[in-house]
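Numbering (my numbering), first residue to last: 4 to 170. Single-structure report; data block below.
Here it is as structure tokens:
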């Protein structure tokens with residue numbers, strides 16, 4: 004069964020909405036130099052559906068706007084999530100345990116520069132890479148992989164019979 008345009012847009016919109024809600028509910032730990040953005044666990048969803056790519060991008064964009072981010076953060080932070088989502092989708096045929104690597108890598112490389120250049124964070128870039136990396140490993144790596152394993156059992160119900168997963 005092929006995914007229809009309406010189903011694609013619905014999945015993307017729901018993923019975006021969940022991302023925003025998770026950022027706002029966990030606002031104290033979702034923003035800043037030391038952050039653990041729980042919503043980043045959703046970055047494994049492109050493993051199941053390509054609709055997660057625009058969903059995560061738009062969700063991050065809206066969350067950064069609502070969280071009071073400066074334009075550099077809104078654009079570059081959202082692009083980091085987009086790059087990570089595309090990377091996860093590209094690795095979907097390899098192994099589900101690789102799904103969280105692209106979002107972790109994209110955020111470790113991009114977000115520290117946003118914090119330094121956009122917000123004037125005095126901490127050195129390597130330290131910021133470490134703090135962002137720890138947060139991403141916890142959320143995208145550990146929670147995201149757990150989420151992926153749980154959702155794998157229900158992928159046909161949640162994402163349709165056309166969703167792809169490697170065994």
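Note that the Cβ used here is the ideal one computed from N, Cα and C, for glycine as well.
Reference residue 146; option with closest CA among 16, 72, 70, 48 = Counted from its first residue, the chain shown places residue 146 at position 143. The option with the nearest alpha carbon to residue 146 is 48.
Closest residue to residue 60 among 23, 125, 104, 112 (Cα-Cα distance) | Within the chain shown, the letter at position 57 stands for residue 60. Residue 23 is the option with its Cα nearest to residue 60.
If we count the other Cβ atoms within 10 Å of its Cβ and call it buried at 16 or more, is residue 30 buried or exposed?
-> Here residue 30 refers to the residue found at position 27 when the chain shown is read from its first residue. Residue 30 comes out exposed.
Residue 143 versus 74, 157, 99, residue with shortest Cα-Cα distance | The residue you call residue 143 lines up with position 140 of the chain shown. That would be 99, whose Cα lies nearest to the Cα of residue 143.
Anyone know if the C-beta pair for residue 131 and residue 105 falls short of 8 Å?
-> Taking the first residue of the chain shown as 1, we reach residue 131 at position 128. Taking the first residue of the chain shown as 1, we reach residue 105 at position 102. Contact flag unset, no.
Would the beta-carbon of residue 50 fall within 8 Å of that of residue 95?
-> For the purposes of this step, residue 50 is taken as residue 47 along the chain shown, with counting starting at 1. For the purposes of this step, residue 95 is taken as residue 92 along the chain shown, with counting starting at 1. Their beta carbons are under 8 Å apart, which means residue 50 touches residue 95 by this criterion.
Run through DSSP, which three-state label would residue 2 get?
-> What the structure shows of the chain is the stretch from 4 to 170, and residue 2 is not part of that stretch, so it cannot be assessed.
By DSSP, does residue 125 sit in helix, in strand, or in coil?
-> On the chain shown, residue 125 is found 122 positions in, with the first residue counted as 1. Three-state result, residue 125: coil.
If you draw a straight line from the alpha carbon of residue 4 to that of residue 127, how long is it in whole angstroms?
-> In the chain shown, residue 4 corresponds to position 1, counting from 1. In the chain shown, residue 127 corresponds to position 124, counting from 1. In this prediction, residue 4 has a pLDDT of 49, which is less than 50 and means its spatial position is unreliable; nothing more can be read from the coordinates.
Can you tell me which of the three DSSP states residue 90 falls into?
-> The residue labelled residue 90 in the question sits at position 87 within the chain shown. Of the three classes helix, strand and coil, the one that applies to residue 90 here is helix, per DSSP.
With 16 as the cutoff for other CB atoms within 10 Å, does residue 67 come out buried or exposed?
-> As a position in the chain shown, residue 67 is number 64, starting the count at 1. Flag for residue 67 reads buried.
Extent of the continuous alpha helix (DSSP H) to which residue 155 belongs = On the chain shown, position 152 is the one that residue 155 refers to. Looking at the DSSP string, the run of the alpha helix (DSSP H) that includes residue 155 is 147-155.
So residue 18 and residue 72 are in contact, right, with Cβ under 8 Å, and what is the actual spacing, rounded?
-> Residue mapping note: residue 18 aligns to position 15 of the chain shown, counting from 1. Residue mapping note: residue 72 aligns to position 69 of the chain shown, counting from 1. Their Cβ separation, rounded to whole angstroms, is 20 Å, which puts residue 18 and residue 72 out of contact at 8 Å.
From 148, 110, 45, residue whose alpha carbon lies closest to that of residue 20 = Within the chain shown, numbered from 1, the residue matching residue 20 stands at position 17. Measuring from the Cα of residue 20, the nearest candidate turns out to be 45.
Three-state secondary structure assigned by DSSP to residue 133 = Counting from 1 along the chain shown, the entry for residue 133 is found at position 130. Correct three-state label for residue 133: helix.
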